[in-house]
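What the sequence shown shows, in this note's numbering, is residues 297 to 658, in sequence order.
No residue lacks a Cβ here, since even glycine has one placed at the ideal position from N, Cα and C.
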Amino acid sequence: MKVLVDHQIFLSQRFGGISNYHSIIHQTINGGQAADRSTILALGSNNEYVDGRMAILKPLNIHGKKVLRAINERTVVRMMPSFDVFHPTYYNNYFLSVAGKPPFVLTVHDMIPERSFTGNEVGQTLIANKKNLIFKAARIISISEATKKDLLSFYDIDPDRIDVIHHGFPVAFDRLRAQAGTTDAPAPSKPYFLFVGTRYAYKNFTFFLESVAGILQKEDMEVKVVGPLPSPAEQQLLASLDICSRVRFCGQVSDTELFHLYNKAYCFVFPSLEEGFGLPLLEAATAGCPILCSDIEVFREIAGDSALYFDPHSKESFAGQVQTVLDESRRNHLIARGAHNLKRFSWEEATKKTLETYRKAL
């Protein structure tokens with residue numbers, strides 16, 4: 297079986313959860329013993345996870361991404377009929393009119409746009425394109441049971457068309473974890489809480505800062521933030537809370553840097569109001585970092601009993617769980633539970649199930 301994976305997410309992300317997901321499934325298929333083969337077509341991509349062919353096109357990632365997308369779309373359209381299955385990496389409908397195209401499988405990562413991005417034209421276009429593909433896909437992969445439930449609440453489709461396939465735990469972190477005991481990485485000057493990711497409204501970052509501000513002063517701790525640099529509004533909030541000197545924005549970091557940020561953190565905080573899976577839960581556990589997260593359905597599904605949960609609307613609930621994790625024995629117990637929980641998540645198993653989904657699509 298020959299599978300074609302398109303360019304969309306690899307031109308949008310230099311690194312990130314969705315492109316990492318597709319690249320790992322692709323690599324695991326091609327590393328297997330069976331005759332199944334996967335091809336990612338992402339010409340000129342500067343994504344960290346794929347070998348971007350046609351390097352001469354890479355400058356178009358900065359100036360002319362529209363042209364680069366058009367080149368990739370034309371190439372995908374030309375190649376599609378020679379493959380058995382097609383797996384688009386995002387929701388553009390450019391391929392639907394192709395004559396002789398193979399059946400396609402769509403991965404739905406979350407339903408956040410349907411809830412949070414309806415107020416502008418870009419969001420409305422994304423939702424319309426996504427809906428169209430959901431109804432026309434031969435099979436749908438949902439990355440969690442919670443996301444499948446959410447998908448069915450928005451769209452009247454046959455639940456038997458949806459296969460739930462969890463992510464595996466981060467393979468790069470597994471290698472770094474094996475090396476961690478042999479390195480002499482310096483201890484942080486102060487214990488810190490770690491926040492990882494974008495800071496859209498549903499990520500609940502403002503709630504986190506407001507909830508943690510008093511704790512930082514009382515316990516002489518800090519916050520480190522991986523993701524975009526602070527906006528003017530965030531800088532103003534930090535000043536109003538008098539914690540500017542206690543919150544450090546690290547920007548985008550490499551996998552190695554991210555692993556060490558998790559590994560040295562006092563705990564990882566994930567205060568989101570909604571997510572499709574919550575890959576940072578597995579990143580933190582792989583790096584030996586205890587987890588404080590929102591008490592939402594998908595986090596219960598993924599983290600199980602390996603995290604401490606708080607009401608993402610209650611500062612008191614958050615503060616109470618911080619006091620729990622400040623107890624060293626409870627913190628060590630969470631680390632051990634996180635390592636045990638990782639046994640439920642394997643990229644080999646995810647790839648096996650993905651191949652089964654591809655075969656169902658034929």
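Please report how far the alpha carbon of LEU448 lies from the alpha carbon of ALA535, in whole angstroms. 43 Å
Here's the rule: buried if 16 or more other CB atoms are within 10 angstroms of the residue's CB, otherwise exposed. What is ARG374? exposed
In whole angstroms, give me the CA-to-CA distance for ALA657 and VAL404. 16 Å
Exposure label - ASP452; buried when at least 16 CB within 10 Å: exposed
Taking only the alpha-carbon atoms, compute the straight-line gap between LEU578 and SER485 and give it to the nearest angstrom. 26 Å
By a C-beta neighbour count over all protein chains shown, 10 Å radius and 16 as the cutoff for buried, is LEU392 buried or exposed? exposed
Same chain, Cβ closer than 7 Å to ARG435, neighbours up to 5 away in sequence not counted: VAL401, ARG457, ASP459, THR653, LYS656 and ALA657
4-residue-minimum alpha helix (DSSP H) runs that sit fully inside the region 340–423, ordered along the chain: 361–375 and 408–412
Can you check whether the CB of ILE305 is closer than 7 Å to the CB of SER315? yes
Where ASP446 and ASN637 are concerned, what is the direct C-alpha to C-alpha distance, given to the nearest angstrom? 24 Å
HIS383 at chain D interface by Cβ criterion, 7 Å: This model lacks chain D altogether, as it is built from one protein chain only.
Output needed for THR552: all residues of its chain with C-beta closer than 7 Å, excluding positions within five of it in sequence on either side, in chain order. LEU472
For the region 585–603 against the region 569–576, are there 3 or more C-beta pairs whose distance is under 8 Å? yes
Exposure of HIS462, with buried meaning 16 or more beta-carbon neighbours within 10 Å: buried
Could you give the uninterrupted runs of the beta strand (DSSP E) lying entirely in the region 440–467, keeping only those of 3 residues or more? 458–460
Quick one: Cα of GLU441 to Cα of ARG640, how far? 14 Å
Should THR443 be labelled buried (16 or more other beta-carbon atoms within 10 Å of its own) or exposed? buried
Tell me the DSSP secondary structure of GLY547 in three-state form. strand
Sequence-distant residues of the same chain with beta carbon closer than 7 Å to ASP607, five excluded per side: ASP591 and SER613
Rounded C-alpha distance that separates LYS397 from GLN329: 27 Å
Is it the case that the CB of ILE587 approaches a heavy atom of the ligand NAD more closely than 6 Å? Inclusion of the ligand NAD in the displayed structure is not the case, the ligand content being empty and no account of it being possible.
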